[in-house]
Each structure stands twice: as structure tokens, then as C-alpha cells.
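Residue numbers (our numbering): 27 to 319. Heads up, the beta-carbon is just placed ideally off N, CA and C, and yes, glycines get one too. Please read the structure below before turning to the comments.
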Amino acid sequence: MPPTGTSSEWDWAWVDVAVPRVPGRLPGAGLPGVSMAGFGSRVPIEGDIAMVAHPSVTLIIDLSDGDGIAYRSGDRRERGSAVIGLMPGDLRAGGRIGACLQIRLEPVAAAALLGAPAELTGSVVPLEDVWGRDARLAEERLRAAPSWDERFAVATEMVARRMRARPPVDPEVAHIWRRTLAHPERVRVEALAAEVGWSRKRLWSRFRSQLGISPKRAARLVRFDRAARLLAAGLPAARVAAQTGYADQPHLHREVRTFTGLTPAGVAEAPWLAIDDVAWPSSSPALALTASA
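Written as C-alpha cells, this is what we have:
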């Protein structure tokens, strides 16, 4: 879930983005569905950042000096590291932002790492509420690391260790998620259920209980994410609708409005995907489109 600049004070020009040197190996080897990026501002930034729905659970580990990131969790205003669940709605964070590590977890990876993802859906909670004492230890180790390369290595080791300690999701659920991620426009619950030998009711129940979202909602979220990135890359709405499997342009308009409150034209002009192609290149439809042009 990318941070988005929504105030006049927020300027990505002041932010340095770090990614693992070998995408797909660090942190990819042995950690499918996990990606990382580091963000560091050259000057502390005061600003309001909107968080937009994304098909992943996001850990934000605050490495700032001083007060750090501020956000709202239910009726409370919190500071520091956080876990952002799927579909958090209108979520805004701010504060004096210096450096942070973001770890994106596809729902299958999030379930293996965090457990009970359904409890995180639609919410943002302090990392300490999920990881307990390990959250503070993680922050301390990451702050002590002298480079982003070493921070990525530390984070990879921590994530891998926690994943080994928890049972994975059902292989049938993992298979259905992979199919959804690859072809969200083709998701048909009955067909997927038959594919894994489950009833429709069982598929729906197990998928939702383990990933925190229904199969159809997951497909809508993945398709919206691709459409939003292509709109931000400058493609016209009609072409985006056709390429991402919407029935027509009004259908795209309705879905974009549902997920963002904006029109497709508003998404195309919004700055909230401005650095995604740098921070998360392996999942960028815009870069894939450029490469195939």
C-alpha cells in the first residue's frame, strides 16, 4: 500500500527510495509474496499521507528519530510502526517522517506471517499489537544496521524465522490466490472450487477465514490496483477498462470511485503512485507495458 502525497508539504523529490540489490532474491528467495522497500527523507517531512487500497498487507516499520509516523487506529491516535490490513478505507498518516521500511505481504504470506488476517482487514494497528515484544526488537536491529542492504537482510531473516514458526495456509487457498493475482478478470468461484475439488461454500469460507477477504473481493482489489497504475501511467480510461477486464468504461469509473472516491481522471493526476515504479518495479503494470511497447 503506497504512501501518497496529498498535502502541499509532501514532496517525493525529498525522498530517497532503496530496494534490494537483486529483486526476487533478496528478499524473494524462499519468501514468495514478500517484497520490501526503504524510504528515507533527506530532511524530516511534515505532511499528510493517504493510504490507498492495495492487494497486500503492509508493515510500516518506523525508523525515524523523534516522534515519527502518526496515524489513527480506531478511536486512538497512534505513533510508530504499524500493520495496515487489506481494505483499510480512508486511512491517513502524518507526523514528522524521516525513514521507514515497508514490507508488503500478499495475503497468503500475511496469513503465514501474522495469522488471523481477517482480524486485520479494514484496519490499521500498531505493529506491537501483532508482534508483541519482537516489534521493538525489530526496530532496534533495523535502526542499528548501517545500510539499507543490511536492513533488508535483517528484515528478511526476521520474516523468514516467523514464517517458519507458523503453519501455512491451505495449498488450495494459496493456489486460488495465485490464480486471482494472475487473472482477476477471470475469477469464477464455481470453476475455482471445482479446480481444487472443493464446494463453492467451502472455498468461500476457507479463503475468507484464512486471507481475510472473499474471493470476489480479492479479484476486484487486484483488478483495481492494475487499473489505477495504468491510469497513473497515462493510459486513457477506455483502454484501461479494456485491458483490465472491466465490462466498459462506466464499470471502471464505478470501481475507481468505490476504491478511491475519485474519477479515473482524478487517479491519473493523483501523486500517490508517483514512486511505485521505483519502489516496487517487479509488480508494476506500467513498466511491463513500457517493456512490451
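- In this model, Ile202 and Pro193 are separated by some 18 Å (Cα to Cα).
- Under DSSP, Leu57 shares a beta bridge with no residue.
- In the three-state DSSP reduction, Val134 falls in the helix class (H, G or I).
- Secondary structure of Asp91 (DSSP, three-state): coil.
- In the DSSP annotation of this structure, Glu211 is not part of any beta strand (DSSP E), being labelled neither H nor E.
- Each residue's CA atom was taken as its position, placing Leu261 and Val41 some 26 Å apart.
- Counting along the chain, the unbroken alpha helix (DSSP H) around Arg252 starts and ends at 241-258.
- Straight through space, the alpha carbons of Asp303 and Glu154 are spaced by roughly 30 Å.
- Judged by DSSP secondary structure, Arg167 falls within the alpha helix (DSSP H) whose first and last residues are 159-170.
- Cα atoms of Pro152 and Ala63: separation of roughly 19 Å, rounded to the nearest angstrom.
- With the rule of 3 Cβ pairs closer than 8 Å, the segment 130-150 counts as touching the segment 224-244.
- If you draw a straight line from the Cα of Ala267 to the Cα of Ala253, it is about 7 Å long.
- For Val185, the enclosing alpha helix (DSSP H) covers residues 174-190.
- According to the DSSP assignment, Ala273 belongs to no beta strand (DSSP E), since it is labelled neither H nor E.
- About 15 Å separates the CB atoms of Leu168 and Ala186; that is not less than 8 Å, and the two are not in contact.
- In this chain, the beta strand (DSSP E) harbouring Arg105 covers 102-105.
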